[in-house]
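Number of protein chains: 2
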Amino acid sequence: MTKTAAIIGGGVIGGGWLARFVLNGWNVNLFDPDPQATRKIEEVLKNARHALPMLYDTAMPSEGTITLCDTMEQAVAQADWIQESVPERLDIKHKVLAEIQAHCRADAIIGSSTSGFKPSELQEKSERPDQIMVCHPFNPVYLLPLIEVVPSVQTGADHLARAKDMLTSVGLYPLHVRKEIDAHIADRFLEAVWREGLWLIKDGIATTEEIDNAIRYGFGLRWAQMGLFETYRIAGGEAGMAHFIAQFGPCLEWPWTKLMDVPELTDDLVKMIADQSDAQSGAHSIRELERIRDNNLVAMMRALKQQGKAAGTLIKDHEKSMIPQQAPAKTLRTQTRIVPVDWTDSNGHMNEGRYGQVFSDAADGFLLAVGVDDAYLAGGHSYFTVETSIKFLNETHAGDHIVVDSTVELSEGKKLKLAHEMKRADGTVLATASQFMLHVSLDTRKSCPPVGPVATALQQFS
Amino acid sequence: MTKTAAIIGGGVIGGGWLARFVLNGWNVNLFDPDPQATRKIEEVLKNARHALPMLYDTAMPSEGTITLCDTMEQAVAQADWIQESVPERLDIKHKVLAEIQAHCRADAIIGSSTSGFKPSELQEKSERPDQIMVCHPFNPVYLLPLIEVVPSVQTGADHLARAKDMLTSVGLYPLHVRKEIDAHIADRFLEAVWREGLWLIKDGIATTEEIDNAIRYGFGLRWAQMGLFETYRIAGGEAGMAHFIAQFGPCLEWPWTKLMDVPELTDDLVKMIADQSDAQSGAHSIRELERIRDNNLVAMMRALKQQGKAAGTLIKDHEKSMIPQQAPAKTLRTQTRIVPVDWTDSNGHMNEGRYGQVFSDAADGFLLAVGVDDAYLAGGHSYFTVETSIKFLNETHAGDHIVVDSTVELSEGKKLKLAHEMKRADGTVLATASQFMLHVSLDTRKSCPPVGPVATALQQFS
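Sequence lines, in order, name chains A and B.
Residues 1328 to 1789 in this note's numbering are what the first sequence spells out, letter by letter.
Residues 1328 to 1789 in this note's numbering are what the second sequence spells out, letter by letter.
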């Protein structure tokens, strides 16, 4: 049966929750007295509708309905999930929670988006504390999976279990924080980093942009896929986590940060960390972890390259310096490359779609040689492929060194037909392709003859 | 002319530098008295040869040579770049730097991999301090682009400029740290986070695994592409960075971390941050930044999904719950999805290779309906595509809702031929494809007839 969520307080966080539920097929009741609430929600929804469905290689459920409610009662009365995202003041939270509980079902989950308050603080004046817990999301809520689920001793085990299930069902990851603490877990790190960042700026060491580059070109990429401890486990090498701590432990007493309230590194603490790390990552050898880390980094950095953003721009720039300059010829070596890890599929070999991409890139290689470069595209012309046929002759795997030789079969006005042969470095033919392209105007998106130096360069093939 | 680097001290860091240089075509001289040096370097090189070339869609230069040197003199005499990665003790660093400078060219760059020492400390006993600077890398050095380049007032401007150029030429990002400080920039954040992490473990709040999940399912993904301040600029919304600080500033005085040495949030400091943020990100509106962030997140999370790791596993699991169960039929709706942002190319539309992937996924959709699921693959059988022809009829763009209807044209023993029609939700036909597949054994990688329930399910089409 379709479930219902009540969103109490819109804004970026409440709106993100709303979008997450609605796009997963839940009906949503919104209660927010702010006259701007609808506009704010629509902005978040627009972003969420653009982004969230793109994560999946299948369609999401049909969207649920959104009901703008005039009263708290109307919003929460039938709700399975009630998410409170009102301002971070305990008196406001208490008032809102009391009003919610005056009208909601006893079996409903009441999650609070609070960044800082402990669940026991939220429950202070409640007669049904068992249904209240912290469910702290991360912006953008419609994309990032993490929810810190923090119960107090008064939160009911049944409510907690059902909350986790419901979060998982809308694609979220409930991280059960077993012991309540100010700011939960993630925001403690964010706050420590924020404090250090303020010092660095105040002391004139670095600007906001330099700090961001120091993060996103380095450890940010590591953390996106492994976090802190698994990364350091690898740094410790075969000697293990205790060795890593022994090596970097002394830094705790050095002024490597202005935040100096450090715990004592007792043998007990070292052992606790090493044991937890074994439990977490011990199933893999360090070599395996290195390979997992590297493959993740390659795939993520290639994704950023495709977007032309962050570390991806650096790779693009560097790549440009490596692309060979070639004069046009009837047969040209149009590709020479390594097959990356993100091109394989469940059969353990390069997906057939990636053969199509190799031949598309090969065509780009030929076109570059005749002058179809960034400037030509910026001038409003390009080639679109109209028909491609591929014969798959041998399997190709990640790490294979492959080349493509391309031959002009037809060049006549706007028509261009290329034949490609894809080979391994040892000469084994992996696939052949025939590709028929038309020269187009990027403005009208219609075909037209090539212009300028491209037209001249192509004359030798007609 | 081929350049030469001298790597002083192997291990994971020195080995990473070595691999970065060699794979970019530099010759490398290695000096490391450790009898295990060659083995350690080979392990890093193996990882680097696997991963680094995969970042690029073109071939890297031919590898340079690696020379294992018996003396420091042999290693550094002709080197353009000398990278010191010996243990973190100042007396050792001083001794090694003196020996390097006794034999190296005056115009060579001497970079130190030190995590903590300031360049002025390294230069203390040097007669040519101008050629010495900190060049602090991040593990894995062969993949992560960040190098913190820290000169002292004694470091020569010419040496510094040439150092940055050479780092850029091997795909690195030199972050010029303008004011020397213990631990430079990035490690100050790492150290703050490490200290907070130790407290959380010591206090029994979270385990190493819980902490890693709190990072990699949340802010780690944000930081990999934007870092700290640009992310918070978005959180501040149209009201801007000063608003964000006003909103979260009070937390500085709350116990949100155990690291309490906080700077005072004066008006001057707030203005400095807001101004720097404007200079960094002011060219984009908040809406644009949100879209950039979301597209980066989608692309990176899809990359992790393809790897089946980190946040990608969560998406995969959630996706499974959304894939429709269908009975096999002669014509089947085999795909219904949104075109993601990572599928577009320089023409601003879906790359032809991704049409190939859609039809590959469509075939998977049909095959799933006849019982070719994870278990069937695990049992050692699958289908490989032998030939595909695609007609591209209309352009397709990121965000388009597309469907594919697939029809069985031939099912005969091991042979299976499907015809696909890809349409927009409004019915416009975007492309058609014909796809000829063979049933194979995943052990022998040779064709063979389908088995079990798949053979039975296919009988209705023969």
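Each residue gets a CB set at the ideal place from its N, CA and C atoms; glycine is no exception.
C-beta contact flag for residue i and residue j at 9 Å
| i | j | result |
| --- | --- | --- |
| B/Ala1656 | B/Met1749 | no |
| A/Leu1382 | B/Met1553 | no |
| A/Phe1546 | B/Phe1516 | yes |
| B/Val1520 | A/Leu1555 | yes |
| B/Cys1462 | B/Val1480 | no |
| B/Leu1745 | B/Phe1711 | no |
| B/Pro1577 | A/Lys1529 | no |
| A/Pro1525 | B/Leu1596 | The sequence as given places Leu at residue 1525 of chain A; Pro does not occur at that position. Result yes, Cβ atoms of A/Leu1525 and B/Leu1596 sit closer than 9 Å. |
| B/Pro1478 | B/His1503 | yes |
| B/Gly1567 | B/Ser1612 | no |
CB contact check: residue i to chain A, cutoff 9 Å
| i | result |
| --- | --- |
| B/Cys1578 | yes |
| B/Ser1604 | yes |
| B/Val1531 | Here the sequence assigns Gly to residue 1531 of chain B, which means Val is not the residue at that position. With 9 Å as the cut-off, B/Gly1531 counts as an interface residue toward chain A. |
| B/Asp1543 | Reading off the sequence, residue 1543 of chain B comes out as Arg, not Asp. Interface residue, yes. |
| B/Asp1669 | yes |
| B/Val1666 | yes |
| B/Asn1678 | yes |
| B/Val1480 | no |
| B/Asn1466 | yes |
| B/Gly1706 | no |
| B/Val1461 | no |
DSSP-derived helix/strand/coil call for residue i
| i | result |
| --- | --- |
| B/Val1504 | coil |
| A/Trp1521 | helix |
| A/Gly1342 | helix |
| B/Gly1563 | helix |
| B/Ser1648 | coil |
| B/Asp1397 | coil |
| B/Asp1361 | coil |
| A/Thr1331 | strand |
| B/Leu1449 | helix |
| B/Leu1641 | helix |
| A/Phe1348 | helix |
| A/Trp1408 | strand |
| A/Phe1719 | strand |
| A/Asn1356 | strand |
| A/Tyr1469 | coil |
| B/Gly1779 | helix |
| B/Phe1788 | helix |
Terminal residues of the alpha helix (DSSP H) in which residue i lies
| i | result |
| --- | --- |
| A/His1570 | 1568–1575 |
| B/Gly1680 | 1679–1696 |
| A/Glu1475 | Element bounds for A/Glu1475: not the alpha helix (DSSP H) but the beta strand (DSSP E), 1473–1477. |
| A/Gly1547 | 1547–1550 |
| A/Ile1619 | 1613–1634 |
Own chain partners of residue i with C-beta closer than 6 Å, once the 5 adjacent residues on each side are dropped
| i | result |
| --- | --- |
| A/Lys1445 | Glu1507 |
| A/Arg1769 | The displayed chain sequence assigns Leu, not Arg, to residue 1769 of chain A. Closer than 6 Å at Cβ, skipping near neighbours: Gly1707, Ser1709. |
| B/Thr1535 | none |
Enclosing beta strand (DSSP E) for residue i [first to last residue]
| i | result |
| --- | --- |
| B/Thr1661 | 1658–1665 |
| B/Arg1751 | 1742–1751 |
| B/Ala1758 | 1756–1768 |
| A/Pro1464 | 1459–1464 |
| A/Asp1732 | 1728–1739 |
Close-in-space but distant-in-sequence residues of the same chain around residue i (CB under 8 Å, 5 per side omitted)
| i | result |
| --- | --- |
| B/Ser1453 | Leu1424, Ala1425, Gln1428, Ile1459 |
| A/Ala1654 | Ala1696 |
| B/Ala1725 | Val1666, Pro1667, Val1668, Trp1670, Thr1671, Met1677 |
| A/Val1756 | Leu1720, Asn1721, Glu1748, Met1749, Lys1750 |
| A/Gly1675 | His1724 |
Min CB distance residue i to chain B below 9 Å
| i | result |
| --- | --- |
| A/Lys1742 | no |
| A/Ile1642 | yes |
| A/Phe1693 | no |
| A/Trp1521 | yes |
| A/Lys1330 | no |
| A/Lys1491 | no |
Beta-carbon contacts of residue i that lie in its chain and below 7 Å, excluding the five residues immediately before and after
| i | result |
| --- | --- |
| A/Leu1785 | Val1697, Ser1738, Pro1777 |
| A/Ile1642 | Met1628, Lys1632 |
| B/Gly1683 | Thr1715, Ile1717 |
Any non-hydrogen atom of the ligand ADP closer than 8 Å to residue i Cβ
| i | result |
| --- | --- |
| A/Leu1596 | Among the components of this structure there are no ligands whatsoever, and the ligand ADP is therefore not found. |
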